[in-house]
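Position 252, counted from 1, in the sequence shown is what numbering that gives the first Met the number 0 calls 251; the numbers after and before it change by one each time, with no gaps.
Note that beta-carbon positions come from the ideal geometry of N, C-alpha and C, so glycine has one too.
The structure appears right after this line, and notes come after that.
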Amino acid sequence: MESIQAIKQRFGIIGDDPKLNRATEKAIQVAPTDISVLVTGESGVGKESIPKIIHSLSHRKHNKYIAVNCGAIPEGTIDSELFGHEKGAFTGATQTRNGYFEVADGGTIFLDEVGELPLPTQVRLLRVLENGEFLKVGSSKTQKTDVRIVAATNVHMFEAIKEGKFREDLYYRLSTVEINLPPLRERKNDIHLLFRKFASDFAMKYKMPTIRLDEQAIQLLLQYRWSGNIRQLRNVAEQVSVLEQNRSINADTIRHYLPDTGSKLPAVINKKEQSDFSNEREILYKVLFDMKSDLNDLKKLTLELMKSGNTADVREENESLIKKIYSEDTEENTYDSTDSVMEVLQISEQATPITPTIQPESKEDPYHFAEEIQEEETLSLHDKELELIKKSLERHKGKRKAAADELGISERTLYRKIKQFDL
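And the structure:
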């Protein structure tokens, strides 16, 4: 078995980072077997080198090696490209065509950007991985193939599975062995080494002196994030080699070729926190629903006070309810909440009814300046209350106590509403 350094030199892999060496070592170890391999890493880290190592060190090295960029093939033709098609299978199919799996029989197929495969194609690929069988487009005859599949992706696979964009069973079939390549920003000791190699290559290619970086320029390269990884570093080296007349490059010069180098703030993850309510209208309905719940509690408390007439008993029996309704008031004020309820109930019999004053009709409409607003949606508290209860029960997977706590009502009240709405 060849050493890691010999393999890296043979396939043009530059760097001595421990994570890079571990990835290369795993590729060497898995090469003699036929198990599927999934290569993961950001775009531009050099994932295409791993399947070449695996194929060249396997017993399939004398057979075909085919690399397929799944993201570059249109969804309508990818099944035909991978599995072939029969004559007349679709418009334009003037003759039978062999797909990559048939052509590479006995060899290796590298599926780059496998996370971009459409779901119907994922089902076909799963069948090939399970028993080596596939169907050409437009054919009913099952064919067998013996290929070794190495896949690569820069997609976060578990998020894709969660969003329903990638089959979980296919992921576990592909990732029997997973090899992760680190991003360039985690290989700081390799950045200058790679830049020197690229600068030397371009100097030979364009027949010009090799560019040199001073210490400040080197430090600037090490501090840069390199979102495009090795591919971006190579492009920068090529631009500087071609465009700069002075072959000694300082930090000010190299800074012009690095976008957004002024900001050293941490990267902001563009991930929205999921809210319980999708918009302001639903928040308003939630507030109204809470108000309705409090009003029902007040009605219940008032009715019990009117029936019994014994404030102390009512207070003792409904202590939790009183605390719930007057929790904010009791924190700010020192008076007794039940007494305040009794004060509200004591309405003076001699109170003079308020007679509304009717203004004489005016020829000119006093509200002529007001706009007439057309209501977009009927405000139905009944429907929204039903919707909020359903959402809360779904979020808590049918656990009534948790749903009741979220809605601000008792578990018994929630049970009554479930019966009422026939949920």
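Residue i and residue j: beta carbons closer than 8 Å?
i: Ala22; j: Ile178; result: yes
i: Gly43; j: Ile229; result: yes
i: Ile27; j: Ile52; result: yes
i: Ile13; j: Leu192; result: yes
i: Gln215; j: Asn249; result: yes
i: Ala151; j: Val29; result: no
i: Gly45; j: Leu180; result: yes
i: Arg59; j: Arg147; result: yes
i: Asp104; j: Cys69; result: no
i: Leu19; j: Arg186; result: yes
i: Pro182; j: Glu41; result: yes
i: Leu304; j: Val313; result: yes
Have a look at the options and flag the residue whose alpha-carbon is nearest the alpha-carbon of residue i.
i: Val241; options: Ile210, Arg224, Leu219, Glu214; result: Ile210
i: Glu318; options: Ile27, Gln142, Leu300, Ser48; result: Leu300
i: Asp208; options: Ser199, Ala216, Gln215; result: Position check: residue 208 holds Pro in this sequence, whereas Asp was assumed. Of the listed residues, the one whose Cα sits closest to Pro208 is Ser199.
i: Lys204; options: Asp111, Glu214, Glu237, Gly397; result: Glu237
i: Ser55; options: Thr141, Phe288, Thr107, Leu212; result: Thr107
i: Glu162; options: Val235, Ser247, Gly114; result: Gly114
i: Gly137; options: Lys298, Pro181, Ala88; result: Ala88
i: Asp16; options: Arg184, Leu406, Ile408, Leu385; result: Arg184
i: Pro73; options: Val102, Pro117, Glu386; result: Pro117
i: Ile77; options: Val149, Thr120, Gly227, Lys298; result: Thr120
i: Thr32; options: Val149, Lys164, Thr90; result: Val149
Measuring straight from C-alpha to C-alpha, what distance separates residue i and residue j?
i: Lys143; j: Leu169; result: 19 Å
i: Asp404; j: His395; result: 11 Å
i: Tyr99; j: Leu124; result: 12 Å
i: Gln349; j: Val286; result: Note on Gln349: pLDDT 46, under 50, position unreliable in the model; no value is reported.
i: Gln4; j: Glu24; result: 10 Å
i: Ala92; j: His61; result: 32 Å
i: Glu410; j: Glu315; result: 20 Å
i: Val219; j: Val122; result: The question names Val, but residue 219 is Leu in the sequence shown. Those two C-alpha atoms are separated by around 47 Å.
i: Lys7; j: Asn97; result: 35 Å
i: Gly83; j: Lys135; result: 5 Å
i: Thr310; j: Ser391; result: 36 Å
i: Glu132; j: Leu81; result: 13 Å
Residue range of the alpha helix (DSSP H) that residue i falls in?
i: Lys164; result: It is not in any alpha helix (DSSP H) - Lys164 carries neither H nor E in the DSSP assignment.
i: Asp213; result: Run containing Asp213: none; DSSP gives neither H nor E here.
i: Thr310; result: 310–316
i: Val146; result: Unbroken run through Val146: none, as it is neither H nor E.
i: Val154; result: Here Val154 belongs to no alpha helix (DSSP H), and DSSP marks it neither H nor E.
i: Ile229; result: 228–242
i: Leu406; result: 399–406
i: Tyr205; result: 187–205
Please confirm whether residue i has its beta-carbon closer than 8 Å to some beta-carbon of chain D.
i: Ser138; result: Looking at the structure shown, chain D is missing, and only one protein chain is on hand.
Can you tell me where the beta strand (DSSP E) with residue i in it begins and where it stops?
i: Glu132; result: 132–134
i: Thr107; result: 107–111
i: Ile178; result: 176–179
Counting only runs that start and end within the segment 56–102, where is the beta strand (DSSP E) found for 3 or more residues in a row? The DSSP assignment places 64–68 as complete runs of the beta strand (DSSP E) inside the segment 56–102, in order along the chain (cut-off: 3 residues).
Mind listing, in chain order, the continuous beta strand (DSSP E) runs of no fewer than 3 residues lying wholly within the segment 7–44? Fully enclosed beta strand (DSSP E) runs of 3 or longer: 36–39.
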